[in-house]
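Worksheet: the structure to be examined is printed underneath.
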Amino acid sequence: MQKIHLAKVENCKEQRSQSYLDAHHYVDKNDPENPERFVLEESVEQVYPWIRSAQVVDGSARQAVVVHSEGTNLEVILQVHDTSMALSFLHDFSKLGDFTGTIIVDFKSNRYFNLTVYNTTGNVSC
Numbered sequence: 001m002q003k004i005h006l007a008k009v010e011n012c013k014e015q016r017s018q019s020y021l022d023a024h025h026y027v028d029k030n031d032p033e034n035p036e037r038f039v040l041e042e043s044v045e046q047v048y049p050w051i052r053s054a055q056v057v058d059g060s061a062r063q064a065v066v067v068h069s070e071g072t073n074l075e076v077i078l079q080v081h082d083t084s085m086a087l088s089f090l091h092d093f094s095k096l097g098d099f100t101g102t103i104i105v106d107f108k109s110n111r112y113f114n115l116t117v118y119n120t121t122g123n124v125s126c
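Going by full-length UniProt numbering, the first residue of the sequence shown is number 1, and it counts up by one from there.
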């Protein structure tokens, strides 16, 4: 299993880690010569028809971009700054009536951001 996915902790306090994936274990499921290799799951777009596209953007911030399949784009970006641990909230929208947001920290110090927007159309970046 470690050959398939190896995770290494760089700095536990800052919650920085590296993830290594061995591409030889992720193969087209129609390959009859290698039936023992792992099969990738269906894409998010196939599982959830209301999603046109979904992308996780990595870098200094964790970002997820989801595009709605029936018109309105919804872009959600969660960015935590290392030094101040502050959350960036940016918005580019046609209309935003109101919003509520909650940051939840679980017992493993994972942070989750729950955002609800009201009377909104256009693009929203959080």
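Beta carbons: idealized from backbone N, C-alpha and C, even for Gly.
Taking the beta strand (DSSP E) that residue i falls in, what are its first and last residues?
i, result
"Q18", "R16 to L21"
By DSSP's criteria, residue i is part of a beta bridge. Which residues make up the other side?
i, result
"Y112", "I104"
"N11", "R16"
Residue i and residue j: beta carbons closer than 8 Å?
i, j, result
"I51", "E45", "yes"
"R111", "V117", "no"
"N119", "D98", "yes"
"S19", "H5", "yes"
If you follow the alpha helix (DSSP H) that residue i is in, where does it begin and where does it stop?
i, result
"E42", "Careful: E42 lies outside any alpha helix (DSSP H) and carries neither H nor E."
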